[in-house]
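Residue numbers (the working numbering), protein chains in the order written: chain A, 1 to 197; chain C, 198 to 394. As structure tokens, the structure follows; a few thoughts come after it.
Protein chains: 2
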Amino acid sequence: MSTPPSPSRRPTAADRIRQSARDLFYRQGIRAVGVEEIVQNAGVTKPSLYRAFHSKDGLATVFLTDYQHCFWDRIALVRAAHPEDPHAQILAYFDGLAERSAAPDYRGCALTNAILDYPDRTHPVRQEAARLKHEVRDWLVERAHQMGATDPERLADGLILLMEGAYVVGQAFPPPGPAARVGDCARLLIEAQCGPR
Amino acid sequence: MSTPPSPSRRPTAADRIRQSARDLFYRQGIRAVGVEEIVQNAGVTKPSLYRAFHSKDGLATVFLTDYQHCFWDRIALVRAAHPEDPHAQILAYFDGLAERSAAPDYRGCALTNAILDYPDRTHPVRQEAARLKHEVRDWLVERAHQMGATDPERLADGLILLMEGAYVVGQAFPPPGPAARVGDCARLLIEAQCGPR
DNA sequence: CACGTTAGGTACCGATCGGTAACATCGTCA
DNA sequence: TGACGATGTTACCGATCGGTACCTAACGTG
Numbered sequence: 001m002s003t004p005p006s007p008s009r010r011p012t013a014a015d016r017i018r019q020s021a022r023d024l025f026y027r028q029g030i031r032a033v034g035v036e037e038i039v040q041n042a043g044v045t046k047p048s049l050y051r052a053f054h055s056k057d058g059l060a061t062v063f064l065t066d067y068q069h070c071f072w073d074r075i076a077l078v079r080a081a082h083p084e085d086p087h088a089q090i091l092a093y094f095d096g097l098a099e100r101s102a103a104p105d106y107r108g109c110a111l112t113n114a115i116l117d118y119p120d121r122t123h124p125v126r127q128e129a130a131r132l133k134h135e136v137r138d139w140l141v142e143r144a145h146q147m148g149a150t151d152p153e154r155l156a157d158g159l160i161l162l163m164e165g166a167y168v169v170g171q172a173f174p175p176p177g178p179a180a181r182v183g184d185c186a187r188l189l190i191e192a193q194c195g196p197r
Numbered sequence: 198m199s200t201p202p203s204p205s206r207r208p209t210a211a212d213r214i215r216q217s218a219r220d221l222f223y224r225q226g227i228r229a230v231g232v233e234e235i236v237q238n239a240g241v242t243k244p245s246l247y248r249a250f251h252s253k254d255g256l257a258t259v260f261l262t263d264y265q266h267c268f269w270d271r272i273a274l275v276r277a278a279h280p281e282d283p284h285a286q287i288l289a290y291f292d293g294l295a296e297r298s299a300a301p302d303y304r305g306c307a308l309t310n311a312i313l314d315y316p317d318r319t320h321p322v323r324q325e326a327a328r329l330k331h332e333v334r335d336w337l338v339e340r341a342h343q344m345g346a347t348d349p350e351r352l353a354d355g356l357i358l359l360m361e362g363a364y365v366v367g368q369a370f371p372p373p374g375p376a377a378r379v380g381d382c383a384r385l386l387i388e389a390q391c392g393p394r
């Protein structure tokens, strides 16, 4: 983030825009937010946005990668909490997801929302979101392999269905809805494919 | 649908608009489609739309109920194919879902998409979508009960997570993606909570 | 001091958005 | 024939969309 030399100084316009976009894009969806609202919320002006980013789509792409950093930070936390124990790592993530999905203004995963927001499969914003989703699947396949699943890809796919289901169901049903049980379901699915611990 | 007296006559403007909205809203999302595009695609004019529907939101609400009729029609099919056998009914629906999600232009469930399209929980279109989703859950709870699940609501919630996961994952991953396994996962979940048949 | 970088301010562009007013046209039925 | 309801035609409204041109103010560095 362009590493300000003095930490007490006002952040750059680009950083303020990124922060503003992160808030607004996540809460309201990318297409629903206008650039005018972004710059107003950031306390800067429109030319500053277009000096730092090529276009709204460019800013949206940056937003998605920024957002996904938060996901990997979460994964880093469960890894640190349960080193060398992929089983516990996965379950810790799913239990945390069940908790988060009960927040009254839960908005799920920004990548998933972006994919539904852009039906055109060739749109650059959508392609970036899909690329980042594939990375998540790769990570899950790896963990499923370490957990001794008979078919790691099959287990990973089942976990993805539960994750994505929780992302959207957390928005569709008032808490505590079906998303509150995503941890339970993940346990059942893992046990069925790896056997009891 | 206002039942035209002569089946060979040109359908009413309202019906043409409903059909056009069904196509466009489903393929591109409600907010992404303009009323101008709807009426052009229907071969009618804008005043005809506003004579038959209060507003775009009103048309969108009608679209959602129309769309959900297709869902219940599907359910009626699997019920007819497996009468008195809720287990087989559920699995037939999930296997069909796995197949449909592999279509190259799959766009998931219009209700789910509408909920993500309208982050404001008080928006009438979103409330209608949420209401229809609750009906689906009620139906699943009933089936889970008939299947002898130890906790019918828990099984229904798990199946909802898988369903909704398949709806969105079918769009996020090129086929055959994780959504292709939603039938397998449903089998595991049901077996774990009802025992083998 | 002179300079280039980074920023803000203002005003604007063409396009599209949802929605409406006023009037013309058609087919149907009494 | 005459009246009526449904539809088409045209033009328009104010608001918002993403994006840009032009100029000015503050700043650190040589």
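Beta carbons are placed, not taken as given, at the ideal position from N, Cα and C, and that holds for glycine. Please read all numbers here as calculations on a predicted model, not as lab measurements.
Report task. Go ahead and pull the three-state DSSP assignment for residue 109 (chain A). Result -> coil
Query raised in the report: If residue 383 (chain C) sits next to residue 268 (chain C), beta carbons under 8 Å apart, how far is it from one beta carbon to the other, in whole angstroms?
Result: Residue 383 (chain C) to residue 268 (chain C), Cβ: 17 Å. No contact.
Query - Proximity test, Cβ basis, 7 Å: residue 79 (chain A) and chain C - result: no
Query raised in the report: Does the pairing of the region 217-229 of chain C with the region 128-142 of chain A give three or more beta-carbon distances under 8 Å?
Result: no
Query - Members of the region 229-246 of chain C that neighbour chain A once the beta carbon cut-off is set at 9 Å - result: 229
Report task. Rounded to whole angstroms, what's the CA-CA distance from residue 395 (chain C) to residue 49 (chain A)? Just pull it up for me. Result -> Absent from the structure is residue 395 (chain C), since the part of chain C shown begins at 198 and ends at 394.
Query raised in the report: If we ignore side chains and look at the alpha-carbon of each, how far apart do residue 375 (chain C) and residue 368 (chain C) end up?
Result: 10 Å
Query raised in the report: From this set, A:145, A:154, A:150, A:73, which residue's C-alpha is nearest residue 85 (chain A)'s C-alpha?
Result: A:145
Query raised in the report: Any Cβ of chain C within less than 7 Å of the Cβ of residue 124 (chain A)?
Result: no
Query raised in the report: Roughly how many whole angstroms lie between the Cα atoms of residue 279 (chain C) and residue 337 (chain C)?
Result: 16 Å
Report task. Could you confirm whether any beta carbon from chain A is found closer than 7 Å to the beta carbon of residue 349 (chain C)? Result -> no
Requested in this report: Can you give me the Cβ contacts of residue 13 (chain A) inside the same chain, cut-off strictly under 6 Å, excluding the 5 residues immediately before and after it?
Outcome: 44, 48
Query raised in the report: Going along chain C, which residues have a C-beta under 7 Å from residue 192 (chain A)?
Result: 385, 389
Query raised in the report: With distances taken from CA atoms, which of C:366, C:364, C:339, C:324 is nearest residue 287 (chain C)?
Result: C:339
Query - Cα-Cα separation, residue 168 (chain A) to residue 107 (chain A) - result: 8 Å
Query raised in the report: Ends of the alpha helix (DSSP H) at residue 262 (chain C)?
Result: 253-278
Query - Segments assigned alpha helix (DSSP H), at least 4 residues, entirely inside the region 346-388 of chain C - result: 349-369
Query raised in the report: Helix, strand or coil for residue 37 (chain A) per DSSP?
Result: helix
Query raised in the report: First and last residue of the alpha helix (DSSP H) that includes residue 145 (chain A)?
Result: 124-146
Query - Cα-Cα separation between residue 176 (chain A) and residue 316 (chain C), rounded to whole angstroms - result: 18 Å
Query - Near the ligand PLP: residue 14 (chain A) beta-carbon under 6 Å from a heavy atom - result: Looking at this structure, you won't find the ligand PLP or any other ligand, since it has none at all.
Query raised in the report: Exposed or buried, residue 206 (chain A), counting other C-beta atoms within 10 Å across all chains shown (16 or more means buried)?
Result: Residue 206 (chain A) lies beyond the residue range present for chain A, which begins at 1 and ends at 197; the question has no answer from this structure.
Query raised in the report: Do we get a CB-CB distance below 7 Å when we pair residue 297 (chain C) with the residues of chain A?
Result: no
Query raised in the report: Rounded to a whole number of angstroms, what is the C-alpha to C-alpha distance between residue 231 (chain C) and residue 243 (chain C)?
Result: 11 Å
Query - 6 Å CB neighbourhood of residue 149 (chain A) in its chain, flanking five on each side removed - result: 155, 193, 194
Requested in this report: Verify whether the separation of the beta carbon atoms of residue 125 (chain A) and residue 110 (chain A) is less than 7 Å.
Outcome: no
Report task. Verify whether the separation of the beta carbon atoms of residue 163 (chain A) and residue 87 (chain A) is less than 7 Å. Result -> no
Query raised in the report: What number of angstroms, rounded off, separates the C-alpha of residue 298 (chain C) from the C-alpha of residue 377 (chain C)?
Result: 7 Å
Query - Contacts around residue 74 (chain A), its chain only, beta-carbon distance under 8 Å, and the 5 residues preceding and following it disregarded - result: 93, 96
**Report entry** Proximity below 7 Å, CB of residue 314 (chain C) to CB of residue 226 (chain C)
**Finding:** yes
Query raised in the report: Looking at residue 158 (chain A) and residue 189 (chain A), is the spacing between their C-beta atoms short of 7 Å?
Result: yes
Query raised in the report: Within 10 angstroms of its Cβ, does residue 326 (chain C) collect 16 or more other Cβ (buried), or is it exposed?
Result: buried
Query - Within chain C, the residues that residue 130 (chain A) reaches when beta carbons sit closer than 8 Å - result: 369, 370
Requested in this report: Measure how close the beta-carbons of residue 295 (chain C) and residue 379 (chain C) come, nearest whole angstrom, since I'm counting them as under 8 Å.
Outcome: 5 Å
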